[in-house]
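Per the numbering used here, the very first residue in the sequence shown carries number 1148; after that it's consecutive. Input: a single structure, listed below in structure tokens.
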Amino acid sequence: MPRATPQKAPQKTRRSRSLSTPLVLANDLQPGAKHGPRVTTILPSEEVIIPALRRLRSEQQRVFCLALARYGTLTHACIESGISIDRANSLRRDNDDFKEAWDQAQTISVDVLEHTARGRAVDGVQRPMVVSGHVVHYADGTPVMLTEYSDRMLELLLKGRRKDVFGDTVKHTGDPLSPILIKVGSSDSAL
């Protein structure tokens, strides 16, 4: 039976993207996945995703905001667009349209993180089964894959979305201006 050969990750290019192409926000390459990479696109047009892009005059600023939405970091957005960090901060301070597009891009970036976190909690992540340091294979040579779910991620998502039900409950019901007194007994030696 022929064995699957590992695929190379796609090379990144530094060319400017057209505003009519879809914005790919998540590209999860999972080793050993039978169906290849899972690519998630949010909406068909960047201008729908980041409405303030329409008001930006500079293609370089548009590329910066798209990269900020995609990568979530100022450094990556500056590298992709060719704008220095100082220049980006100066534009944010002086240009209201750029500031609005920047804020919208950051919102998208956080949404992508939340989408990824939810996927780890609900859908799980495929990992090969390892026993005594060796990957376990089926008779045909394909690795045995296990789906790992993140209970901690699920807990954090529930706490964030349903604070009233799953959040930590500490209530101060007294006078808001009075100090809070915490008594520590002798059994609380860890404090």
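Where a beta carbon is used, it is the ideal one built from N, C-alpha and C, also for glycine.
Compute the Euclidean distance between the alpha carbons of residue i and residue j, then round it to the nearest angstrom.
i, j, result
"R1274", "R1308", "28 Å"
"Y1218", "A1224", "7 Å"
"E1295", "G1288", "22 Å"
"F1313", "L1305", "6 Å"
"S1297", "D1270", "9 Å"
"T1187", "L1215", "Any reading at T1187 must be qualified, since the residue scores a pLDDT of 46, below 50, and its modelled position is unreliable; no value is offered."
"A1268", "E1302", "9 Å"
"A1199", "D1244", "6 Å"
"Q1251", "L1213", "10 Å"
"P1290", "G1280", "14 Å"
"D1233", "D1258", "26 Å"
"L1238", "K1246", "8 Å"
"L1328", "T1316", "17 Å"
"V1272", "P1323", "46 Å"
Once you ignore the five residues that flank residue i on each side, which residues in its own chain have a CB closer than 6 Å to its CB?
i, result
"K1330", "none"
"V1282", "P1275 and P1290"
Which partner residues does residue i have in the DSSP bridge list?
i, result
"T1294", "Q1273"
"H1281", "V1278"
Got a sec? Which residues, its chain only, sit under 8 Å from residue i by beta carbon, not counting five neighbours each side?
i, result
"T1320", "none"
"Y1285", "V1291"
Please determine, among the options, the residue with the shortest C-alpha to C-alpha distance to residue i.
i, options, result
"I1230", "R1209, V1277, D1244 and A1264", "R1209"
"L1260", "T1316, R1234 and M1300", "M1300"
"E1206", "I1255, P1326 and A1248", "A1248"
"L1221", "Q1253, L1293 and R1202", "Q1253"
"I1255", "G1266, P1323, P1326 and I1197", "I1197"
"R1204", "N1236, N1242 and I1226", "N1242"
Can you give me the Cβ contacts of residue i inside the same chain, cut-off strictly under 7 Å, excluding the 5 residues immediately before and after it?
i, result
"S1228", "Q1207, V1210, F1211 and A1214"
"A1264", "M1300 and L1304"
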